[in-house]
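Enquirer: My questions will all concern the structure given below.
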Amino acid sequence: MNELNLPPFSVKTRGARPVSGAAATPAAASRNAKLEIFDFLRKRYVTLTPEEWVRQHFTHWLVEHKGYPQGLLANEIALHIGDKTLRCDSVVYDKTAHPLMIIEYKAPSVQITQRVFTQISAYNLLLHVDYLVVSNGVQHYCLRMDYERATYTFLPEVPDYKQI
Numbered sequence: 006m007n008e009l010n011l012p013p014f015s016v017k018t019r020g021a022r023p024v025s026g027a028a029a030t031p032a033a034a035s036r037n038a039k040l041e042i043f044d045f046l047r048k049r050y051v052t053l054t055p056e057e058w059v060r061q062h063f064t065h066w067l068v069e070h071k072g073y074p075q076g077l078l079a080n081e082i083a084l085h086i087g088d089k090t091l092r093c094d095s096v097v098y099d100k101t102a103h104p105l106m107i108i109e110y111k112a113p114s115v116q117i118t119q120r121v122f123t124q125i126s127a128y129n130l131l132l133h134v135d136y137l138v139v140s141n142g143v144q145h146y147c148l149r150m151d152y153e154r155a156t157y158t159f160l161p162e163v164p165d166y167k168q169i
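Structure, rendered in structure tokens:
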């Protein structure tokens with residue numbers, strides 16, 4: 006498994022060949038399609054894929070290290086444009102349920118390219134958030150939108166919740 010640029014957390018998995026701790030890897034998941042990881046936000050087990058491995062690490066990091074309230078984060082948010090449905094990987098809300106941040110995850114083997122930023126920008130056409138975050142678990146990019154000037158700024162790091 007690729008090392009992630011995120012701190013470890015207490016992993017809960019289940020499946021035909023249950024694996025725990027550092028051994029619960031996407032590589033193990035590919036050997037066992039029924040291996041699942043517990044998503045503490047959705048409060049259920051989901052299939053462990055390389056992208057899901059990144060999502061779980063990233064959301065735990067936000068809650069445990071960056072002060073993001075667990076109740077204001079959501080995974081797999083459906084957006085509807087006509088008859089088309091898009092899915093945001095994660096959305097961060099404020100206390101009034103107004104979206105503040107969209108997060109897009111990729112597997113560690115996937116490079117962050119313009120195509121990924123184009124994808125998250127399409128979601129933002131609907132949500133109009135202040136922050137866009139893209140991560141493959143190794144590289145993390147955070148943009149602060151400036152709608153008045155029709156531009157954005159890359160931030161040096163993902164801000165703590167109290168800063169957004």
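For the sequence shown, the working numbering gives the first residue as 6, with consecutive numbering after it. Quick reminder that beta carbons are idealized off the backbone N, C-alpha and C, glycines included.
From Thr158 to Ile42, what does the alpha carbon distance come to, in whole angstroms?
Expert: Rounded to whole angstroms, Thr158 to Ile42 spans 34 Å at the Cα level.
Enquirer: Within 10 angstroms of the Cβ of Leu130, are there 16 or more other Cβ atoms? Answer buried if so, exposed if not.
Expert: Its Cβ having fewer than 16 others within 10 Å, Leu130 is exposed.
Enquirer: Is it true that the CB of Leu148 sits closer than 9 Å to the CB of Tyr136?
Expert: Contact flag set, yes.
Enquirer: Below 8 Å on the Cβ atoms is my contact criterion, and I expect Phe122 with Val138 to pass it. Report the Cβ-Cβ distance as a whole number of Å.
Expert: Contact flag wrong, Cβ pair sits at about 11 Å.
Enquirer: Start and end of the alpha helix (DSSP H) containing Arg120?
Expert: 119-132 is the extent of the alpha helix (DSSP H) around Arg120.
Enquirer: Any idea which residues DSSP pairs Lys89 with across the strands?
Expert: BP columns for Lys89 point to Ile86.
Enquirer: Would a C-beta distance cut-off of 9 Å place Asp99 and Glu109 closer than the cut-off?
Expert: It is not a contact, given that the beta carbons lie outside the stated cut-off.
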